[in-house]
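One structure below.
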Amino acid sequence: MNKSQKKLRTNSGTALLIAIGYVAILSIISSTFVVYLNRSISRTSVQERTVLARNLAEAGIDKALAELKSGNAAYTGETNTPLGQGTFSVSVTRGALQGEYIIESTGSILGGPITVATSRVKVRAVISPSGGIRKLAWQEANS
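For our numbering, count along the sequence shown from 1 and bump the result up by 1396.
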(Lines of atoms letter the chains of each structure in order from A and count residues from 1; the text may use other names and numbers.)
(Lines give C-alpha, C1' and ligand atoms only; values in the text may rest on other atoms or scores of the structure.)
Protein backbone atom coordinates (compact mmCIF):
# COMPACT_ATOMS: atom_id res chain seq x y z
CA MET A 1 0.00 0.00 0.00
CA ASN A 2 1.45 3.33 -0.94
CA LYS A 3 1.28 6.55 1.09
CA SER A 4 -1.59 8.16 -0.86
CA GLN A 5 -3.86 5.12 -0.39
CA LYS A 6 -3.05 5.05 3.32
CA LYS A 7 -3.89 8.78 3.62
CA LEU A 8 -7.24 8.20 1.90
CA ARG A 9 -8.13 5.41 4.34
CA THR A 10 -7.42 7.55 7.40
CA ASN A 11 -9.51 10.44 5.97
CA SER A 12 -12.47 8.28 4.90
CA GLY A 13 -15.76 9.66 6.31
CA THR A 14 -14.39 13.13 7.01
CA ALA A 15 -16.37 14.67 4.16
CA LEU A 16 -19.56 13.03 5.45
CA LEU A 17 -19.00 14.44 8.95
CA ILE A 18 -18.37 17.92 7.55
CA ALA A 19 -21.54 17.71 5.43
CA ILE A 20 -23.61 16.59 8.46
CA GLY A 21 -22.15 19.49 10.47
CA TYR A 22 -23.12 22.00 7.78
CA VAL A 23 -26.64 20.57 7.55
CA ALA A 24 -27.03 20.79 11.34
CA ILE A 25 -25.88 24.42 11.39
CA LEU A 26 -28.22 25.33 8.52
CA SER A 27 -31.10 23.56 10.31
CA ILE A 28 -30.51 25.57 13.49
CA ILE A 29 -30.30 28.84 11.58
CA SER A 30 -33.45 28.16 9.53
CA SER A 31 -35.50 27.02 12.54
CA THR A 32 -34.46 30.18 14.43
CA PHE A 33 -35.55 32.25 11.44
CA VAL A 34 -38.93 30.48 11.28
CA VAL A 35 -39.58 31.10 15.00
CA TYR A 36 -38.64 34.78 14.62
CA LEU A 37 -40.87 35.14 11.55
CA ASN A 38 -43.81 33.49 13.34
CA ARG A 39 -43.49 35.87 16.31
CA SER A 40 -43.28 38.88 14.01
CA ILE A 41 -46.44 37.83 12.18
CA SER A 42 -48.26 37.33 15.50
CA ARG A 43 -47.22 40.77 16.77
CA THR A 44 -48.28 42.40 13.51
CA SER A 45 -51.65 40.68 13.65
CA VAL A 46 -52.28 41.90 17.22
CA GLN A 47 -51.29 45.46 16.27
CA GLU A 48 -53.57 45.36 13.22
CA ARG A 49 -56.57 44.22 15.29
CA THR A 50 -55.86 46.93 17.89
CA VAL A 51 -55.79 49.63 15.21
CA LEU A 52 -59.04 48.31 13.71
CA ALA A 53 -60.70 48.36 17.15
CA ARG A 54 -59.54 51.95 17.69
CA ASN A 55 -60.93 52.92 14.28
CA LEU A 56 -64.29 51.41 15.25
CA ALA A 57 -64.31 53.33 18.55
CA GLU A 58 -63.53 56.54 16.67
CA ALA A 59 -66.35 55.76 14.23
CA GLY A 60 -68.69 55.58 17.21
CA ILE A 61 -67.45 59.00 18.38
CA ASP A 62 -68.01 60.41 14.89
CA LYS A 63 -71.53 58.95 14.77
CA ALA A 64 -72.41 60.48 18.15
CA LEU A 65 -71.00 63.90 17.19
CA ALA A 66 -72.95 63.83 13.92
CA GLU A 67 -76.18 62.99 15.76
CA LEU A 68 -75.63 65.75 18.31
CA LYS A 69 -74.53 68.29 15.71
CA SER A 70 -77.67 67.61 13.66
CA GLY A 71 -79.75 68.72 16.65
CA ASN A 72 -80.69 65.30 18.03
CA ALA A 73 -80.20 66.28 21.70
CA ALA A 74 -82.10 63.15 22.81
CA TYR A 75 -79.37 60.88 21.41
CA THR A 76 -77.86 58.88 24.29
CA GLY A 77 -75.91 56.35 22.26
CA GLU A 78 -76.24 52.86 20.84
CA THR A 79 -74.86 49.39 21.48
CA ASN A 80 -73.23 46.72 19.32
CA THR A 81 -73.63 48.59 16.04
CA PRO A 82 -72.01 46.39 13.36
CA LEU A 83 -69.42 48.01 11.14
CA GLY A 84 -66.79 46.25 9.05
CA GLN A 85 -65.12 43.42 11.00
CA GLY A 86 -66.57 44.38 14.38
CA THR A 87 -68.96 46.54 16.37
CA PHE A 88 -69.01 49.77 18.30
CA SER A 89 -71.01 50.91 21.31
CA VAL A 90 -71.47 54.56 22.26
CA SER A 91 -72.82 56.30 25.34
CA VAL A 92 -73.52 60.02 25.50
CA THR A 93 -74.03 61.99 28.71
CA ARG A 94 -74.45 65.72 29.22
CA GLY A 95 -71.58 67.62 30.77
CA ALA A 96 -71.60 70.55 33.19
CA LEU A 97 -71.27 73.28 30.54
CA GLN A 98 -73.98 74.32 28.11
CA GLY A 99 -73.72 72.14 25.00
CA GLU A 100 -71.08 69.93 26.63
CA TYR A 101 -71.23 66.16 26.12
CA ILE A 102 -69.14 63.27 27.39
CA ILE A 103 -68.99 60.62 24.67
CA GLU A 104 -67.57 57.18 25.38
CA SER A 105 -67.17 54.68 22.58
CA THR A 106 -65.89 51.11 22.54
CA GLY A 107 -64.79 49.39 19.34
CA SER A 108 -64.55 45.60 19.31
CA ILE A 109 -63.05 43.28 16.71
CA LEU A 110 -64.77 39.91 16.62
CA GLY A 111 -63.03 36.62 15.90
CA GLY A 112 -65.99 34.30 15.53
CA PRO A 113 -67.91 34.15 18.81
CA ILE A 114 -65.18 35.92 20.84
CA THR A 115 -63.86 39.47 20.95
CA VAL A 116 -60.18 39.52 19.98
CA ALA A 117 -59.43 43.24 20.39
CA THR A 118 -61.10 46.16 22.13
CA SER A 119 -60.34 49.87 22.16
CA ARG A 120 -62.06 52.65 24.10
CA VAL A 121 -62.18 56.35 23.29
CA LYS A 122 -63.61 59.02 25.57
CA VAL A 123 -64.24 62.56 24.31
CA ARG A 124 -65.43 65.68 26.07
CA ALA A 125 -66.88 68.02 23.45
CA VAL A 126 -68.87 71.23 23.34
CA ILE A 127 -71.35 71.72 20.52
CA SER A 128 -72.34 75.33 19.90
CA PRO A 129 -75.89 76.29 18.85
CA SER A 130 -74.54 76.99 15.35
CA GLY A 131 -73.32 73.37 15.13
CA GLY A 132 -69.61 73.99 15.68
CA ILE A 133 -67.74 71.28 17.60
CA ARG A 134 -64.93 71.91 20.03
CA LYS A 135 -63.14 68.92 21.54
CA LEU A 136 -61.89 69.61 25.03
CA ALA A 137 -60.38 66.21 25.82
CA TRP A 138 -59.60 62.97 24.01
CA GLN A 139 -58.54 59.73 25.77
CA GLU A 140 -57.77 56.33 24.26
CA ALA A 141 -57.31 52.96 25.93
CA ASN A 142 -56.68 49.53 24.39
CA SER A 143 -57.39 46.18 25.93
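Where is the CB? At the ideal position from N, CA and C, for every residue including glycine. Since the model is a prediction, treat every value here as computed from it, not as a measurement.
Could you pull the DSSP bridge partners for E1500 from this structure? Locating residue 1500 in the sequence shown gives position 104, where the first residue counts as 1. S1487, K1518.
Which residue or residues does DSSP assign as beta-bridge partners of A1513? The residue labelled residue 1513 in the question sits at position 117 within the sequence shown. In the DSSP output, where bridge partners are listed per residue, A1513 has I1505.
Distance, Cα to Cα, A1453 vs G1467? Within the sequence shown, numbered from 1, the residue matching residue 1453 stands at position 57. Within the sequence shown, numbered from 1, the residue matching residue 1467 stands at position 71. If you take the alpha carbons of A1453 and G1467, they lie about 22 Å apart.
Selected residue, minimal CA-CA separation from L1461, among I1416, K1531, G1417, E1536: Within the sequence shown, residue 1461 is the residue found at index 65, counting from 1. Ranking I1416, K1531, G1417, E1536 by Cα distance to L1461 puts K1531 first.
Go ahead and label V1430 buried or exposed: buried means 16 or more other beta carbons lie within 10 angstroms of its beta carbon, across all protein chains shown. Here residue 1430 refers to the residue found at position 34 when the sequence shown is read from its first residue. Looking at its Cβ environment, which holds fewer than 16 other Cβ atoms inside 10 Å, V1430 is exposed.
If you draw a straight line from the alpha carbon of I1425 to that of Q1443, how long is it in whole angstroms? The count along the sequence shown starts at 1 and reaches residue 1425 at position 29. The count along the sequence shown starts at 1 and reaches residue 1443 at position 47. Cα atoms of I1425 and Q1443: separation of roughly 27 Å, rounded to the nearest angstrom.
Once the 5 residues before and after G1456 are set aside, which same chain residues still bring their CB inside 6 Å of it? Here residue 1456 refers to the residue found at position 60 when the sequence shown is read from its first residue. Once the five neighbours on either side are set aside, the close Cβ partners of G1456 are F1484, V1486, S1501.
Beta strand (DSSP E) containing L1532: first to last residue? The residue labelled residue 1532 in the question sits at position 136 within the sequence shown. Start and end: 1529–1538.
Where I1529 and T1472 are concerned, what is the direct C-alpha to C-alpha distance, given to the nearest angstrom? Indexing the sequence shown from 1 puts residue 1529 at position 133. Indexing the sequence shown from 1 puts residue 1472 at position 76. If I take the Cα positions, the gap works out to 17 Å.
Let me know the secondary structure DSSP gives T1472 once reduced to three states. Taking the sequence shown and counting its residues from 1, one reaches residue 1472 at position 76. Note: T1472 maps to coil in three-state DSSP.
Candidates L1506, A1521, A1537, W1534: which alpha carbon is nearest R1445's? Taking the first residue of the sequence shown as 1, we reach residue 1445 at position 49. Among L1506, A1521, A1537, W1534, the Cα nearest to that of R1445 belongs to L1506.
Classify A1449: buried if its beta carbon has 16 or more other beta carbons within 10 angstroms, exposed otherwise. Sequence index remark: in the sequence shown, residue 1449 carries index 53 (1-based). Buried.
Would you kindly work out how many angstroms separate the C-alpha atoms of T1440 and N1434, rounded to a whole number? By 1-based counting over the sequence shown, the position of residue 1440 is 44. By 1-based counting over the sequence shown, the position of residue 1434 is 38. Spanning the two alpha carbons is a distance of roughly 10 Å.
State the Cα-Cα distance for the pair A1533 and I1523, rounded to the nearest angstrom. Position 137 of the sequence shown, counted from the start, is the residue given in the question as residue 1533. Position 127 of the sequence shown, counted from the start, is the residue given in the question as residue 1523. Computed Cα separation, rounded: 13 Å.
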